[in-house]
Structures are given as C-alpha cells and as structure tokens.
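**Student:** Below are the structure tokens for one structure; questions will follow.
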Amino acid sequence: MFLYICRRIVYTVPIALAVALVCFSLVHLAPGDPLSAVLPPDASAEVVQRITQAYGMDRPLPVQFMSWLGRAVQGDLGVSVASGRPVVSEISSALSYTFVLALAAALIGFLFGTLFGTLAAFFQGRWADKLMTGIALFGVSVPHYWLGLLLVIIFSVQLEWLPSLGGGSGPWFNRLRYLVLPAVTMSFIPMGIVARTVRATVSELLGSEFVTSLRARGLRSGKIAKHVAKNAAPTVLAVMGLQFGYLLGGSILVETVFSWPGTGYLLNGAIFQRDIPLLQGIILVLSMFFVALNLLVDVLQTLFDPRIRRS
Numbered sequence: 296m297f298l299y300i301c302r303r304i305v306y307t308v309p310i311a312l313a314v315a316l317v318c319f320s321l322v323h324l325a326p327g328d329p330l331s332a333v334l335p336p337d338a339s340a341e342v343v344q345r346i347t348q349a350y351g352m353d354r355p356l357p358v359q360f361m362s363w364l365g366r367a368v369q370g371d372l373g374v375s376v377a378s379g380r381p382v383v384s385e386i387s388s389a390l391s392y393t394f395v396l397a398l399a400a401a402l403i404g405f406l407f408g409t410l411f412g413t414l415a416a417f418f419q420g421r422w423a424d425k426l427m428t429g430i431a432l433f434g435v436s437v438p439h440y441w442l443g444l445l446l447v448i449i450f451s452v453q454l455e456w457l458p459s460l461g462g463g464s465g466p467w468f469n470r471l472r473y474l475v476l477p478a479v480t481m482s483f484i485p486m487g488i489v490a491r492t493v494r495a496t497v498s499e500l501l502g503s504e505f506v507t508s509l510r511a512r513g514l515r516s517g518k519i520a521k522h523v524a525k526n527a528a529p530t531v532l533a534v535m536g537l538q539f540g541y542l543l544g545g546s547i548l549v550e551t552v553f554s555w556p557g558t559g560y561l562l563n564g565a566i567f568q569r570d571i572p573l574l575q576g577i578i579l580v581l582s583m584f585f586v587a588l589n590l591l592v593d594v595l596q597t598l599f600d601p602r603i604r605r606s
C-alpha cells in the first residue's frame, strides 16, 4: 500500500506541472493589456515601463513562467495588481469561505443523493423510483444561477427568512443563515449525480448473484443492506470526491449571485480587472486542490477495494 501511494504521488508531479503550464498560458493568451486596468489613461511612457518591469512583464514568456513557477513552489504568488496585497493573502482569506461553502454543499448533496438513490433502487419501477429519479434529473439539469435567483426571490424577498448577500459576521448562527441559500443552491448538482450513481450501483448489486446467495443463506435485510453499502462505497466515494473538486472550482456563478466572499467571487473580480497575478494564483491553487483531491480519492478507493491495488 505504501509503494502504491508513493507511485501515485510520483504520477501526480507531471500532472501538476502540466496544470501550472496551462494556467500560466491561458491567462497570457487572453486578449487585452493587463496594465490598462490599473494605470490611468494619461500615464506616461516612463510610468508604464516602470510598472511593466516591476511585474516582470517585459521578459519572454518562458522566463516569466519559470520565475513564476519557482516563486509559486516557495509559496510566493506575487502581488495583486489591483489591490497591491500579496496574492497568497487574498486567496487564503477567500479560500476559507469557498471551502466551507463547498463542504456544506457536498454534505447536503451526499446525504440527500444517497437517500434518494437508495430509495429509488429498493423501489425500482414504482412511484417512489420515478419521483426520486425526477428529483435527481432536476438537480443535474437546473442552472445554478437560475436556482439561486429563485431561492433569493422566495426565501429572502417574499418570506424574508434568510439573508441573500454576503458571508455574514458575528456569532456562528448568524454566519450559518448566510450559508444556507448558496449551499443549497450548489448542492443540487452533486445531489442529482450521487442519486443516479447510487441508484445504478445498488440496483446492480441487488440483482447480483452475491446478494442472491446472501438471501439464500437467510441473512436479514439490514445485514444485506450493509454488504451492499460496503460494495457500493468505492464508486460513490469516487463520484463524491470529484464533485467536491468541481464545487471548489465551479462556484463562480453561485458566489457572484450571493456575493459570497470566496475564491469564485474573487476570481470574477480578477477577470474583470485583468489582475494577472491574482488570476494565475487562484486558478493554480484551485487546480492543485483538484489534483490533490483526485489523489486522495484514489487512495481511499484502494483502501475500500483491494482489487484496485492488485490491478
């Protein structure tokens, strides 16, 4: 197992380097001059040249990439062009909000997705199956921003139960009230995907010879469900791990709709301000989280299912 983990870590290194190269290249391939967003229109040529040299933008792109990568490995992602603050400070303060939001959405999606998928599998072909499958299909299909606006209109404007903008402050209960609407909005897609995965996996297991032999041996339904859950866990775990990665990186629209001060909201501002150092830093950090999460899911899958390690 130790050798397997070491091998997976070694495989991750070239992937991380490729991700860093793509992050750097995509930002520089975008049209427009990044300095135009922070310099006044009447800035002199001397000021433009001094700022360009200060951010190293006058050097060739390969040199810029190697310099940026070398500093990034040491935890230095540069200084934000717009705010003048270190990029690491900007990202770290926003990352905590995004992590809390993604974790809450993943938990809601996992719990309800597992419940709906299990009910659909055990009542396959009946009205409960059709209802759960319909909810799962709605969760996969509905656009985040549309659902978020709908929830704001109902629960914030009409009923006035929950706040709709910001991350909250003060006691934890007050912060929790601000978290509810964006977390529920983001949970619909993982809920739908987990429900469909659980339904397909559990249905297949219930019809397998393995479960038939357990029933023939006289095992109770509770123990059979325990065996089915253990065998379905690796598949559901892999899907949930990937969904958590998508939630971390795909929260731009939801955080913008709710003005949630996370990395998605920060990324949206960096795009409009053409803040290249901040943009590169956010994309790199989120991408590395996704790579690390894939590694963690692979290791956990192997722990649950030794057949993967042997293969």
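Positions 296 to 606 (the numbering used here) are the ones given, in order, by the sequence shown.
Glycine included, C-beta positions come from ideal geometry on N, C-alpha and C.
Treat the numbers as computed from the prediction; the structure is a model and nothing was measured.
If valine 534 sits next to valine 497, beta carbons under 8 Å apart, how far is it from one beta carbon to the other, in whole angstroms?
**Tutor:** Taking the first residue of the sequence shown as 1, we reach residue 534 at position 239. Taking the first residue of the sequence shown as 1, we reach residue 497 at position 202. Going by Cβ atoms, the distance from valine 534 to valine 497 rounds to 13 Å, so no, they are not a contact pair.
**Student:** Name the two residues that bound the continuous alpha helix (DSSP H) containing glutamate 499.
**Tutor:** Numbered from 1 along the sequence shown, position 204 holds the residue referred to as residue 499. Per DSSP, glutamate 499 belongs to the alpha helix (DSSP H) from 467-501.
**Student:** Going by DSSP in three states, proline 357 sits in which element: helix, strand or coil?
**Tutor:** Here the question's residue 357 lines up with position 62 in the sequence shown. Here proline 357 sits in helix by DSSP.
**Student:** Taking 6 Å as the limit between beta carbons, can you name the residues of its chain near valine 552, skipping five residues before and five after?
**Tutor:** Residue mapping note: residue 552 aligns to position 257 of the sequence shown, counting from 1. Here the set comprises Tyr440 and Gly443.
**Student:** Would DSSP call valine 374 helix, strand or coil?
**Tutor:** In the sequence shown, counting from the first residue as 1, residue 374 sits at position 79. Reduced to three states, the DSSP call for valine 374 is strand.
**Student:** Taking the C-alpha atoms as reference points, what is the distance between alanine 315 and serine 451?
**Tutor:** As a position in the sequence shown, residue 315 is number 20, starting the count at 1. As a position in the sequence shown, residue 451 is number 156, starting the count at 1. Rounded to whole angstroms, alanine 315 to serine 451 spans 40 Å at the Cα level.
**Student:** Beta carbon of leucine 588, beta carbon of glycine 536: below 8 Å?
**Tutor:** Along the sequence shown, one-based indexing puts residue 588 at 293. Along the sequence shown, one-based indexing puts residue 536 at 241. Closer than 8 Å, so yes.
**Student:** Is it true that the CB of valine 376 sits closer than 8 Å to the CB of isoleucine 571?
**Tutor:** To locate residue 571, count along the sequence shown from 1; it is residue 276. To locate residue 376, count along the sequence shown from 1; it is residue 81. Going by C-beta atoms, isoleucine 571 is nearer than 8 Å to valine 376.
**Student:** Indicate the three-state DSSP secondary structure (helix, strand or coil) for proline 309 in the structure shown.
**Tutor:** If you number the sequence shown from 1, residue 309 lands on position 14. In the structure shown, proline 309 falls within a helical segment according to DSSP collapsed to helix, strand and coil.
**Student:** Beta-carbon within less than 7 Å of proline 381's beta-carbon, same chain only, minus the 5 sequence neighbours each way: which residues are those?
**Tutor:** Along the sequence shown, read from residue 1 onward, the residue named residue 381 stands at position 86. Once the five neighbours on either side are set aside, the close Cβ partners of proline 381 are Val374.
**Student:** Looking only at its own chain, which residues have a Cβ that is under 8 Å from the Cβ of isoleucine 278, when we skip the five neighbours before and after it?
**Tutor:** The chain is shown only over 296 to 606; residue 278 falls outside these bounds and no answer can be derived.
**Student:** Determine the burial state of phenylalanine 567: buried for a count of at least 16 other Cβ atoms within 10 Å of its Cβ, exposed for fewer.
**Tutor:** Within the sequence shown, residue 567 is the residue found at index 272, counting from 1. Exposed is the call here.
**Student:** Assign proline 381 to one of three DSSP states: helix, strand, or coil.
**Tutor:** Counted from its first residue, the sequence shown places residue 381 at position 86. Proline 381 falls in the strand class under three-state DSSP.
**Student:** Using the C-alpha atoms, what's the distance from leucine 532 back to alanine 415?
**Tutor:** As a first step, residue 415 is located in the sequence shown; it is residue number 120 there, counting from the start. As a first step, residue 532 is located in the sequence shown; it is residue number 237 there, counting from the start. If you take the alpha carbons of alanine 415 and leucine 532, they lie about 19 Å apart.
**Student:** Measure the Cβ-Cβ separation of isoleucine 403 and valine 489 and say whether it is below 8 Å.
**Tutor:** In the sequence shown, counting from the first residue as 1, residue 403 sits at position 108. In the sequence shown, counting from the first residue as 1, residue 489 sits at position 194. Not in contact: isoleucine 403 and valine 489 (Cβ atoms no closer than 8 Å).
**Student:** Taking arginine 510 as part of the alpha helix (DSSP H), name the residues at either end of that continuous run.
**Tutor:** Here residue 510 corresponds to residue number 215 of the sequence shown, with the count starting at 1. That run of the alpha helix (DSSP H) goes 504-511.
**Student:** Serine 554 and glycine 463: beta carbons closer than 8 Å?
**Tutor:** Numbered from its first residue, the sequence shown carries residue 554 at position 259. Numbered from its first residue, the sequence shown carries residue 463 at position 168. It is not a contact, given that the beta carbons lie outside the stated cut-off.
**Student:** Roughly how far, in whole angstroms, is the beta-carbon of leucine 476 from the beta-carbon of leucine 446, given that I think they are within contact range, below 8 Å?
**Tutor:** Locating residue 476 in the sequence shown gives position 181, where the first residue counts as 1. Locating residue 446 in the sequence shown gives position 151, where the first residue counts as 1. That belief holds up - the Cβ atoms of leucine 476 and leucine 446 are roughly 5 Å apart, short of 8 Å.
**Student:** Determine, using beta carbons only, whether arginine 491 and glycine 412 come nearer to each other than 8 Å.
**Tutor:** As a working note, residue 491 is residue 196 in the sequence shown. As a working note, residue 412 is residue 117 in the sequence shown. Closer than 8 Å, so yes.
**Student:** If you drop the 5 nearest sequence neighbours on each side, which residues of the same chain put their C-beta closer than 7 Å to that of tyrosine 392?
**Tutor:** Within the sequence shown, the letter at position 97 stands for residue 392. So the qualifying residues of the chain are Gly462, Trp555, Pro556 and Gly557.
**Student:** I need the DSSP call for glycine 540, collapsed to helix, strand or coil.
**Tutor:** Along the sequence shown, one-based indexing puts residue 540 at 245. Correct three-state label for glycine 540: helix.
**Student:** Taking the C-alpha atoms as reference points, what is the distance between methionine 352 and alanine 565?
**Tutor:** On the sequence shown, position 57 is the one that residue 352 refers to. On the sequence shown, position 270 is the one that residue 565 refers to. Cα-Cα distance, rounded: 17 Å.
**Student:** DSSP state of aspartate 570, grouped into three classes?
**Tutor:** Working through the sequence shown from its first residue, we reach residue 570 at position 275. Aspartate 570: coil per DSSP, three-state reduction.
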